[in-house]
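The structure appears below as structure tokens.
There are 4 protein chains.
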Amino acid sequence: MNYQAILDEIYEEIQPELDKGKVADYIPALAAVEKGQFAMSLTLGDGSVYSVGEASKRFSIQSISKVFTFTLALEHYSRELYKRVGVEPSGNPFNSLVQLEYEQGIPRNPFINAGALVVTDALISHYKDEYNTLEAILGFIRRLTENPEIGFDAEVARSEMEHGDRNLSLAHLMKSFGNFENDVHATVMTYFKHCAVEMSTEELSRAFLYLAFGGTDPISGTAFISASKAKRINAVMLTCGHYDASGEFAYHVGLPAKSGVGGGIAAVVPGKMSIAVWSPALNRYGNSHAGTLALEKFTTKTGLSIF
Amino acid sequence: MNYQAILDEIYEEIQPELDKGKVADYIPALAAVEKGQFAMSLTLGDGSVYSVGEASKRFSIQSISKVFTFTLALEHYSRELYKRVGVEPSGNPFNSLVQLEYEQGIPRNPFINAGALVVTDALISHYKDEYNTLEAILGFIRRLTENPEIGFDAEVARSEMEHGDRNLSLAHLMKSFGNFENDVHATVMTYFKHCAVEMSTEELSRAFLYLAFGGTDPISGTAFISASKAKRINAVMLTCGHYDASGEFAYHVGLPAKSGVGGGIAAVVPGKMSIAVWSPALNRYGNSHAGTLALEKFTTKTGLSIF
Amino acid sequence: MNYQAILDEIYEEIQPELDKGKVADYIPALAAVEKGQFAMSLTLGDGSVYSVGEASKRFSIQSISKVFTFTLALEHYSRELYKRVGVEPSGNPFNSLVQLEYEQGIPRNPFINAGALVVTDALISHYKDEYNTLEAILGFIRRLTENPEIGFDAEVARSEMEHGDRNLSLAHLMKSFGNFENDVHATVMTYFKHCAVEMSTEELSRAFLYLAFGGTDPISGTAFISASKAKRINAVMLTCGHYDASGEFAYHVGLPAKSGVGGGIAAVVPGKMSIAVWSPALNRYGNSHAGTLALEKFTTKTGLSIF
Amino acid sequence: MNYQAILDEIYEEIQPELDKGKVADYIPALAAVEKGQFAMSLTLGDGSVYSVGEASKRFSIQSISKVFTFTLALEHYSRELYKRVGVEPSGNPFNSLVQLEYEQGIPRNPFINAGALVVTDALISHYKDEYNTLEAILGFIRRLTENPEIGFDAEVARSEMEHGDRNLSLAHLMKSFGNFENDVHATVMTYFKHCAVEMSTEELSRAFLYLAFGGTDPISGTAFISASKAKRINAVMLTCGHYDASGEFAYHVGLPAKSGVGGGIAAVVPGKMSIAVWSPALNRYGNSHAGTLALEKFTTKTGLSIF
């Protein structure tokens, strides 16, 4: 398939959509990002990369980082992790406390905020403190991308913390149910830091390649996790990767993927490639408006849905 | 792959699991079904069929019928259908009224009871009355299976109705929100009748083949729906096919599938085959205990997960 | 105290409020009632009656009838009744199914719709059929008022039934939890009939006198219920008498009272009198706007709050 | 009436109940309190006091302190306070986040934890910092009782804070909705300190006298609040004073009252007296088991219910 031609086509078709939707505005650092930007990159198993738009421009990956932390936690805890967090879609907006209260402090899945906080808490317990934890998360992303330059924007993290009451509320609630082990403030801060990691679509599509190839990066040959775990992470991305619009996304796009409020989405075509797309304006569910459409166009044009 | 050998292996391994779980007992007709029974059938695109266990014994397909009615409604209403029912996982037990009340009578998806009732209601509006509707549903299943003998157990349907207060409650609630068009009693009765359709795993695996092959039965060559709709039905099965355990099922099995409280599960391997399994004892989520495990073994042994 | 002067004062002051709010419009028979009407009557223990406005004009008492049915059910079942219905405020709009589902089909109190349906169901079980039940309810109201003419508007009841899906939904839901004994349709119809009883404020203030005087009508001397039960009914009116605005009503008015969507409110000043007020336009909680204000003015002017 | 004789009678009758129920055990300081203790005091408008049991022994008043803070906040903010907290019963357990989330961070009433936290926050805003606030609260209680010795147990407050995640969660949640003005940690700590005030039943019955006499202490003659506000505080105690058992309490006891998990209950007989009772073992709703029964016996024996 001529992937470059397909990307070029999508790039042209998507232009009228770039100004639709609304950039995340709950923190100044994200609100300042200009609408109208777009990038899309594919990385294939043989290492070839196809891109359109601002594919080397870094953006805040936000919730996409939850895939990396979930991978690490699954590696360290295996089945034990599921005593603390489930793998079911939540059926409620991504930051809802309702379900958490009815379900005794066990979040539905690792991709809603509560679940990702528990995952970060579990990593801090494993790595003993929050500095080591952040090191481990960054180290993992750097190994995935073979790029030691990847870091996070401390200003974004600090700004998130200033508006972090909802997440602090979630963490204290889970602690009241006994499902939180470390200091609430330090853990939430670590969570905001890994959400503030900055990557480009080129980097992100490379980083997700291990999930398309059974846990092993086909370029470097590094085995990050088992094939069975890779498949399961893909399954959780498909059912829970897009907050309250996961069903819609599976329905329209048909690929395991994870979105972030920074406007990024990283997707996986099992056995073939990984795809990253970025456009900062969000639809009403908090997912990139143009990014979602671009991926839908991609699977329609290529037939590469998993269904 | 030697599918027969794989099925034989699964059959042997599954024996200790057949008595675990609990047969659905809310109506006498289902409660009377003996535990310990098991059947599994694959139908490939070339028409070859592999089976183990009581593969020609019919059982009550129950909620699996919702896939057939959703297909028909999607065919007749297309996008219009989504004004009345969503495609999001529900995050609540399958018969919950809570979400329905908060969401103004629009059920989350066509596979929870409320959603399937709306789909049946939409079909009755299309076919003008409930007799025609049931005819159309049965006709569709008979064409899918090329078997004019398939019917429903009127005794099961009548017995469901006697314990049908929860579904009557759901239907009246949706009617109070303006999302129900026909007589509540007649519509719920029609719903129970199509849930009471009886099929064997051989028949069911044949019936689902259109979803594995882009909407067209590869054996008869009949095009039932468009490829795009077939993919989308698969997506909804993956995210919503197993009540409150849809995430778990995607995580462990990794195939689009729909289960019923009669103990059946029908699954799809896109582009390759469809699979039906039956074992009447259910796990705590209302899905066949041994059936779920058998499918998990199948994807583990064959690597045929969609992820 | 010069009650007539106080009523006259209230009558004058309330004029600008009579057109505020909105007449109940979910059924044509209620929607047709003209705004701007007002009546208020006090009946004292010595039989003296003071009125202003259209005090002999009958209106649909609607939910006020729930006080009569609760009294009868308490008389027949005593503590046994509390296995089926509680006495706690609901904290949710009056027709919510949410709490009912979480609390296994046991309504919070006898004055929300679900609770009143259970009470009607319990009365039908006691009186053996719905005709006898309606006879008993009407007979009770006629004895309370010493007025054999009081009846219900069959047209209103029929019209309610045509829009009765929410109540049918509640009844079927309770039946699915085992908390409903009689035919759903017939019971809901009986419920609508007793809600369609028509009384004037003169009649209503007389009818509630037994609750102000320890269960015994001080005029006729008839003992209807024990003093202890009368006090308890007053307590339930205070905490639960006004749907989701019961706290507000207790806060501003400070009297046990029950309102109906027909615009009536009946209140009790223990040991002194009962008061009925009517004005059809409702506030956003479904209680008479001018009626609530008139009662607030009354307790402010007289100091006759229970607090 | 011979109040001493009535108290003596209650004291004797209540003995078999003193060991029933369970002392609050979520913090060590409260868990260490011995079951089996009991005290009850009445203070009349003329200053006469009647007591039984350990009426001069101080205990942790806990949530009873919410009446004092609500009084102060109502005095400083008047109607403005109701933009931040309602006066409706909650219909959910006392620390539920569910309602708070659905209702945009506005607590139902000032006596559930969320509401009392908002009240404390409002007081800190008024008094500018938390030290002044605590001074003001203690000063108010000391003036009410004419007793400068009343203070709080810092150890109890510190211990509460160590188990304070649920309250921290509530406070952060309200802050995320914009309904919290001061530092969460400092405010919650202040809340725990005023909950840790220690009083005997003698002191508590004296302290509540202003609510029985239109806002003015009839002994000292000090006017603390207006008659209208006093009545309204009584109304809120009646509808919301006992968590999820407020309806039951109104039903069985029939007096405005507030309970605390320390086992205390303070009640008001408007125009006559105030009553305090203490027995540390709690019923399943978190209210003193023997204390509730003792008050029920009191209103039964004296007929002094407000209904």
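Going down the list, the protein sequences come from chains A, B, C and D. Following the working numbering from start to finish, the first sequence increments by one per residue and tops out at 297. Following the working numbering from start to finish, the second sequence increments by one per residue and tops out at 297. Following the working numbering from start to finish, the third sequence increments by one per residue and tops out at 297. Following the working numbering from start to finish, the fourth sequence increments by one per residue and tops out at 297. Note that beta-carbon positions come from the ideal geometry of N, C-alpha and C, so glycine has one too.
Within the same chain, 247, 249, 267, 278 and 281 come within 6 Å of residue 255/C by CB-CB distance, once the 5 residues on both sides are set aside. Using a C-beta cut-off of 8 Å, the segment 41 to 60 of chain A makes contact with the segment 188 to 202 of chain A, since at least three inter-stretch Cβ pairs fall below that distance.
In the three-state reduction of the DSSP assignment, residue 30/C falls in the strand class, which pools E and B.
If you draw a 10 Å sphere on the C-beta of residue 180/A, you find 16 or more other C-beta atoms in it, and that means buried. Cβ proximity to chain A below 8 Å picks out nothing from the segment 43 to 56 of chain B. DSSP places residue 124/C within a helical segment (H, G or I) once states are collapsed to three.
Only those residues of the segment 99 to 131 of chain C whose C-beta falls short of 9 Å from the nearest C-beta of chain B would be listed, and there are none. Between residue 186/A and residue 146/A, the beta carbon gap of about 4 Å places them in contact (Cβ cut-off 8 Å).
Rounded to the nearest angstrom, the Cβ distance from residue 150/B to residue 182/B is 4 Å, consistent with a contact under 8 Å. When only Cα atoms are considered, residue 25/A and residue 1/A end up about 15 Å apart. Using a Cβ-Cβ distance cut-off of 8 Å, the segment 86 to 97 of chain C and the segment 39 to 53 of chain C are not in contact, since fewer than three pairs of beta carbons, one from each stretch, lie closer than that value. When C-alpha distances from residue 8/C are compared across 27/C, 96/C and 122/C, the shortest belongs to 27/C. Within the model, the alpha-carbon separation for residue 163/A versus residue 154/D is close to 10 Å. For residue 36/C, none of the residues of chain D pass the 7 Å Cβ criterion, the least Cβ distance being about 21 Å.
Collapsing the DSSP output to three states places residue 254/A in a strand. When C-beta distances to chain A are compared with 7 Å, every residue of the segment 16 to 31 of chain D stays at or above that value. Note on geometry: alpha-carbon atoms of residue 68/C and residue 13/D lie some 32 Å from one another. Listed along the chain, the chain D residues whose CB falls inside 9 Å of the CB of residue 166/A are 85, 153, 154, 155, 156, 157, 158 and 159. Listed along chain C are 88 and 91, each with a C-beta nearer than 7 Å to that of residue 88/B.
Under the 8 Å criterion on CB atoms, residue 282/D is classed as non-interfacial with respect to chain C. Between residue 130/A and residue 64/A, the gap from beta carbon to beta carbon reaches 8 Å or more.
Using a CB distance cut-off of 8 Å, residue 221/B counts as an interface residue toward chain A. A distance below 8 Å separates the beta carbons of residue 184/B and residue 142/B. For residue 228/B, the closest Cβ of chain A is nearer than 8 Å. The DSSP-derived three-state label of residue 188/B is strand. One thing to note: residue 134/B has its Cβ within 8 Å of the Cβ of residue 207/B.
Cα atoms of residue 109/C and residue 204/C: separation of roughly 22 Å, rounded to the nearest angstrom. Excluding its 5 nearest sequence neighbours in each direction, residue 116/B has C-beta neighbours in its own chain below 6 Å: 66, listed in chain order. Approximately 5 Å separates the beta-carbon atoms of residue 34/D and residue 263/D; this is inside 8 Å, confirming the contact.
Taking C-beta atoms under 8 Å as the contact rule, residue 76/B and residue 99/B qualify, at a distance of about 6 Å. Secondary structure note for residue -9/A: it is in no alpha helix (DSSP H), with a DSSP letter that is neither H nor E. In the three-state reduction of the DSSP assignment, residue 197/A falls in the helix class. Distance from residue 30/D to residue 191/D at the Cβ level is roughly 6 Å; contact confirmed, criterion being Cβ atoms closer than 8 Å. Take residue 79/C, set aside five residues on each side of it, and the residues of its chain with a beta-carbon closer than 6 Å to its own are 229, 230 and 236, in chain order. Shortest Cα-Cα distance from residue 165/C to any of 158/B, 265/B, 19/B and 168/B involves 158/B. The beta carbon of residue 20/D sits closer than 6 Å to those of 14, all from its chain and outside the five residues before and after it, given in chain order.
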